[in-house]
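Asker: The structure is given below, and queries will be raised subsequently.
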Amino acid sequence: MEYYTSISKSSDEDNCVSFNCPHCNERFKLEVNEFEEFEGDKLYCPSCGLHGEISEFYSDDMMEAAEVEAMNMAKDLINNMFKGLSKKSSKNVRIKATPLKKDTSPTLYEKDDLELFKTDCCQRIIKINPISYSIKPYCPYCGGIS
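The letter at position 123 of the sequence shown is residue 123 when you use our numbering, and the numbering goes up by one with no holes.
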């Protein structure tokens, strides 16, 4: 049985959202519309150049929100499963099922602390740490050096 949900995160003032490299833990941002149009299945880190599945690059706050959402879905299933249990118990045995309380999902927002950069190879907008400018960042989409 599969369940799906969506998690919303507002972009920064340049319409960019954060990602974290699973290899070097460097944070970078990609422009939302360009990322949604991207048809690849892996990303490259602008700092270290290593690649991985897109899901490996989700930011820590997105992963935390996904975990909260998954727990809330599980609590809904458990609550629904035991909803009528109190009514079905016999005269001699009383069972009281108290519904599990849902956790509040964290509000996701973007800090605007990275600088805009346009890749030479793919002509895509990314935001990176200012220190990364001096080391010629890699393109997150194709892995080329900008």
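Where is the CB? At the ideal position from N, CA and C, for every residue including glycine.
What does the alpha-carbon distance come out to for the pair Asn79 and Thr98?
Answerer: Along the sequence shown, one-based indexing puts residue 79 at 79. Along the sequence shown, one-based indexing puts residue 98 at 98. Rounded to the nearest angstrom, the two C-alpha atoms are 8 Å apart.
Asker: Could you tell me whether the segment 33 to 52 touches the segment 64 to 76, using the rule of 3 or more Cβ pairs below 8 Å?
Answerer: With the cut-off at 8 Å, the segment 33 to 52 and the segment 64 to 76 do not touch.
Asker: Helix, strand or coil for Asn151? Go by DSSP, reduced to three states.
Answerer: Here the chain covers residues 1 to 146 and nothing more, so residue 151 does not appear.
Asker: What first and last residue would you give for the alpha helix (DSSP H) that runs through Lys75?
Answerer: To locate residue 75, count along the sequence shown from 1; it is residue 75. Where Lys75 is concerned, the enclosing alpha helix (DSSP H) stretches over Asp60 to Met81.
Asker: Short of 7 Å in beta carbon distance, which residues of its chain neighbour Thr119, apart from the five on each side in sequence? Order them along the chain.
Answerer: Against the sequence shown, residue 119 aligns to sequence position 119. Correct list, in chain order: Ile126, Cys139 and Ser146.
Asker: State the start and end residues of the unbroken beta strand (DSSP E) segment that holds Glu31.
Answerer: Position 31 of the sequence shown, counting from 1, holds the residue named residue 31. First-last of the beta strand (DSSP E) with Glu31: Arg27 to Glu31.
Asker: Within 10 Å of its beta-carbon, does Ile128 have 16 or more other beta-carbons around it, so buried, or fewer, so exposed?
Answerer: Position 128 of the sequence shown holds residue 128. With 16 or more other Cβ atoms within 10 Å, it is buried.
Asker: Does Met63 pass the burial test, meaning 16 or more other C-beta atoms within 10 Å, or should it be called exposed?
Answerer: Sequence index remark: in the sequence shown, residue 63 carries index 63 (1-based). Burial call: exposed.
Asker: Thinking C-alpha only, which one of Pro46, Val93, Gly40 and Pro22 is nearest Ile131?
Answerer: Sequence index remark: in the sequence shown, residue 131 carries index 131 (1-based). For the residues Pro46, Val93, Gly40 and Pro22, the minimum Cα distance to Ile131 belongs to Pro46.
Asker: On a Cα-Cα basis, can you pick out the residue from Arg27, Ile95, Ile135 and Met81 that is closest to Leu114?
Answerer: Looking up residue 114 in the sequence shown gives position 114. Of Arg27, Ile95, Ile135 and Met81, the residue nearest in Cα terms is Arg27.
Asker: Hey, could you find the ends of the beta strand (DSSP E) Lys96 is sitting in?
Answerer: Residue numbering aside, residue 96 sits at position 96 when the sequence shown is read from its first letter. Taken as a continuous stretch (DSSP letters only), Lys96 belongs to no beta strand (DSSP E), as it is neither H nor E.
Asker: Whole angstroms is fine: what's the gap from Met81's alpha carbon to Cys24's?
Answerer: Here residue 81 is taken as the residue at index 81 of the sequence shown, counted from 1. Here residue 24 is taken as the residue at index 24 of the sequence shown, counted from 1. Each residue's Cα considered, the two are about 43 Å apart.
Asker: If you follow the beta strand (DSSP E) that Gly144 is part of, which residue opens it and which one closes it?
Answerer: For the purposes of this step, residue 144 is taken as the residue at position 144 of the sequence shown. It is not in any beta strand (DSSP E) - Gly144 carries neither H nor E in the DSSP assignment.
Asker: Going by CA-CA distance only, name the one from Phe57, Val32 and Asp12 that's closest to Tyr44.
Answerer: Against the sequence shown, residue 44 aligns to sequence position 44. The candidate whose alpha carbon is nearest that of Tyr44 is Phe57.
Asker: Can you tell me where the beta strand (DSSP E) with Gly52 in it begins and where it stops?
Answerer: Reading the sequence shown from its first residue, position 52 is the one you call residue 52. Per DSSP, Gly52 belongs to the beta strand (DSSP E) from His51 to Glu53.
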